[in-house]
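Engineer: Take this structure, written in structure tokens, and hold onto it; I'll ask about it next.
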Ligand SMILES: Nc1ncnc2c1ncn2[C@@H]1O[C@H](COP(=O)(O)OP(=O)(O)OP(=O)(O)O)[C@@H](O)[C@H]1O
């Protein structure tokens with residue numbers, strides 16, 4: 097039984113009745129929405145149970161039924177969602193108008209309806225719906241859709257061409273777009289070009305290469321140029337040395353003619369570059385040049401060496417210098433002026449070295465020869481000089497070693513006697529030199545070398561640049577500290593305390 101009352105709706109189900117021959121649905125009218133809606137009564141308790149068959153039913157193909165005759169008296173079916181379309185009866189009614197009769201919630205917005213307008217959602221198999229075999233329906237929908245589209249902008253019609261989707265470019269530059277390295281500015285703005293920095297680097301490399309090439313070239317040029325300059329400098333040096341040697345020879349000849357202070361002074365300047373002789377030097381040089389044996393007592397560093405070197409240049413023969421130590425020989429040999437050729441003989445030398453030195457002595461190439469006192473015990477050595485009277489001067493350095501009274505006596509010096517030197521070596525002049533010798537030692541040495549007392553040259557033993565102080569106090573440390581901070585010791589550069 098049907099009822100129009102809202103009450104007692106519990107017996108009304110949303111599920112359509114399962115009758116074998118359901119009544120043919122009446123033609124749907126656009127103005128029947130309100131009436132059909134008012135007739136629908138939905139029981140909430142049965143709704144959930146009957147939803148499944150309701151949904152599945154429209155998907156089943158409906159049996160082909162002949163279109164019912166148009167009659168307004170045809171009652172509406174009890175199915176709330178059963179929709180009839182009457183396109184065939186009234187083609188002027190657009191599909192959209194007819195579809196607006198769907199219940200709310202199913203298609204609540206017209207604009208979005210076309211989105212769900214799919215064949216699977218059609219509740220009835222309506223032949224009037226646009227199909228590929230029915231292009232007329234499509235045209236109707238099109239015309240109506242364009243009409244609606246003007247009013248509602250959001251409406252998207254079936255055949256309205258969708259705006260072209262903005263697709264991401266997937267070419268090789270995509271990564272660069274994502275990374276956006278240059279802040280959405282021109283990509284590869286400098287593509288194909290070399291920017292300034294790169295150009296700068298390239299030019300830097302090129303210039304560096306050029307520089308290196310130029311450097312190697314210039315280095316080679318510099319080497320060549322350096323060699324040329326070296327040769328020029330050497331030639332200049334040789335010319336200068338030759339001219340200087342000529343000047344020295346001339347000065348030597350002048351001294352040989354006359355051993356005056358002026359000539360000796362000139363020779364001193366030419367050979368050593370000194371302006372004047374120190375105290376005792378000139379006197380000693382003159383004594384030796386006069387072939388007078390001399391006892392020279394000068395402080396350490398007063399310039400005793402110069403007193404035999406200048407005579408060695410002037411005297412015709414060899415100057416034999418007796419040194420107690422080989423190291424002293426070598427040191428004195430090294431400090432000889434270039435114009436004076438020297439050599440030394442010692443037991444540490446190899447036979448070929450000794451032979452070469454003796455050869456140079458015989459040819460007159462060596463003017464100053466340093467020997468140890470032990471050499472005078474060797475008969476072969478003495479025989480060399482016996483055959484030729486080459487020795488003009490014998491210099492006994494550290495002459496205090498001759499005296500047994502000295503603090504540094506050496507037995508080998510005992511052989512150095514004037515009698516022996518004169519008898520075996522034809523020595524005319526002996527120069528004895530020392531820095532430290534007592535009066536007794538001096539007398540003993542001069543006696544052994546047969547040097548007259550008048551030929552003693554002795555200068556100040558004390559230096560004026562030394563300050564001596566003697567204290568009788570028992571506390572040496574305290575006195576030293578007092579001296580250290582008092583005048584004149586506070587101004588001294590060095591201090592030695594004992
Ligand atoms: N007339 C001079 N004018 C300036 N300097 C000089 C003069 N004579 C010598 N000298 C310099 O004095 C320094 C000492 O000279 P030298 O070695 O001959 O002293 P020395 O008395 O032989 O010393 P030592 O007792 O230690 O052997 C040298 O550097 C030398 O050049």
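In my numbering, the protein residues as written are 97 to 594. Beta carbons are placed, not taken as given, at the ideal position from N, Cα and C, and that holds for glycine.
(1) Quick check on DSSP: helix, strand or coil for residue 563?
(2) At what residues does the beta strand (DSSP E) containing residue 528 begin and finish?
(3) Can you pull the DSSP bridge partners for residue 465?
(4) With a CB to CB cut of under 7 Å and the five nearest residues on each side skipped, what residues in its chain are close to residue 348?
(5) DSSP state of residue 554, grouped into three classes?
(6) Could you check what DSSP says for residue 390 in three-state terms: helix, strand or coil?
(7) Going by DSSP in three states, residue 547 sits in which element: helix, strand or coil?
(8) Could you say which of 481, 459, 412 lies nearest to residue 353 if we only look at CA atoms?
(9) Between residue 515 and residue 470, which are expected to be in contact by the criterion C-beta below 8 Å, what is the C-beta distance as a whole number of angstroms?
(10) Using alpha carbons as the reference points, say which of 356, 396, 367, 365 lies closest to residue 379.
(11) Do residue 392 and residue 382 have their CB atoms nearer than 8 Å?
(12) Give the secondary structure of residue 427 by DSSP, where H, G and I count as helix, E and B as strand, and everything else as coil.
(13) Quick one: residues with CB closer than 6 Å to any heavy atom of ligand 1, in chain order, please.
(14) On the DSSP letters alone, give me the boundaries of the beta strand (DSSP E) that residue 375 sits inside.
(15) If you drop the 5 nearest sequence neighbours on each side, which residues of the same chain put their C-beta closer than 6 Å to that of residue 481?
(16) Could you check the C-alpha separation between residue 351 and residue 345 for me, to the nearest Å?
(17) Could you check how far apart the C-beta atoms of residue 512 and residue 498 are, in whole angstroms? I think they sit under 8 Å.
(18) Just confirm the distance between the C-beta atoms of residue 416 and residue 465, as a whole number of angstroms; I'd bet it's less than 8 Å.
(19) Taking the DSSP output, what are the residues bridged to residue 490?
(20) Tell me the rounded alpha-carbon separation between residue 587 and residue 566.
(21) What separation, rounded to the nearest whole angstrom, lies between the Cα atoms of residue 575 and residue 563?
(22) Mapping DSSP to helix, strand and coil, what is residue 588?
(23) Take residue 527 as the anchor and find which of 305, 384, 533, 377 has the nearest alpha-carbon.
(24) Can the beta-carbon of residue 421 be found less than 8 Å from the beta-carbon of residue 439?
(25) When you compare each of 310, 315, 462, 425 to residue 443 by their alpha carbons, which one comes out closest?
(26) Are residue 367 and residue 418 closer than 8 Å when you measure CB to CB?
(27) What first and last residue would you give for the alpha helix (DSSP H) that runs through residue 453?
(28) Check whether the Cβ of residue 379 lies closer than 8 Å to any Cβ atom in chain D.
Structural biologist: On the basis of the supplied data:
(1) coil
(2) 525-530
(3) For residue 465, which the question treats as bridged, DSSP gives the partners 416, 439.
(4) Cβ within range, chain order: 363, 409, 410.
(5) Note: residue 554 maps to strand in three-state DSSP.
(6) strand
(7) coil
(8) 412
(9) At roughly 19 Å, the Cβ-Cβ gap does not stay under 8 Å, so residue 515 and residue 470 are not in contact.
(10) 356
(11) With contacts defined by Cβ atoms closer than 8 Å, residue 392 and residue 382 do not form a contacting pair.
(12) DSSP places residue 427 in the helix class (H, G or I) of the three-state scheme.
(13) 370, 373, 374, 377, 394, 396, 397, 398, 399, 400, 401, 402, 531
(14) First-last for residue 375: undefined, no H or E at that position.
(15) If the five residues before and after residue 481 are omitted, its C-beta is found closer than 6 Å to the C-beta atoms of 487, 521, all from its own chain and listed in chain order.
(16) Rounded to whole angstroms, residue 351 to residue 345 spans 10 Å at the Cα level.
(17) 6 Å
(18) 5 Å
(19) 416, 526
(20) 18 Å
(21) Spanning the two alpha carbons is a distance of roughly 15 Å.
(22) coil
(23) Of the candidates 305, 384, 533, 377, the residue whose Cα lies closest to the Cα of residue 527 is 384.
(24) no
(25) 425
(26) no
(27) 447-458
(28) Of the chains in the structure shown, none is chain D; there is only one protein chain.
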